[in-house]
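Numbering (the working numbering), first residue to last: 1212 to 1282.
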């Protein structure tokens, strides 16, 4: 991920640090995280996505493939 140029300005900023966090949690944990993200001034935008079973399997394969490339 890392530092990338934004497609459009957000809060008068033209670049931002992209981060991908994958986790498994109950709905109340997700709500707590979203509340913290919305309160944090350093977070310009965030997106929470619920993955279907097929997408979870695909993400695991992609993660394993990327891990092998890094080794």
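Built from N, CA and C at the ideal position, the CB exists for glycine as well.
Can you tell me which of the options puts its alpha carbon nearest to the alpha carbon of residue i?
| i | options | result |
| --- | --- | --- |
| residue 1230 | 1223, 1253, 1238, 1242 | 1253 |
| residue 1264 | 1272, 1257, 1258 | 1272 |
| residue 1259 | 1245, 1219, 1228 | 1245 |
| residue 1261 | 1239, 1235, 1248 | 1235 |
| residue 1226 | 1214, 1237, 1240 | 1214 |
| residue 1232 | 1281, 1274, 1279, 1217 | 1274 |
| residue 1219 | 1281, 1278, 1255, 1277 | 1255 |
Following the continuous alpha helix (DSSP H) through residue i, name the residue where it begins and the one where it ends.
| i | result |
| --- | --- |
| residue 1267 | 1264-1281 |
| residue 1246 | 1238-1250 |
Considering just the uninterrupted stretch of the beta strand (DSSP E) at residue i, what are its terminal residues?
| i | result |
| --- | --- |
| residue 1258 | Residue 1258 -> no beta strand (DSSP E), and no H or E assigned at all. |
Which residues does DSSP list as the beta-bridge partners of residue i?
| i | result |
| --- | --- |
| residue 1229 | 1213 |
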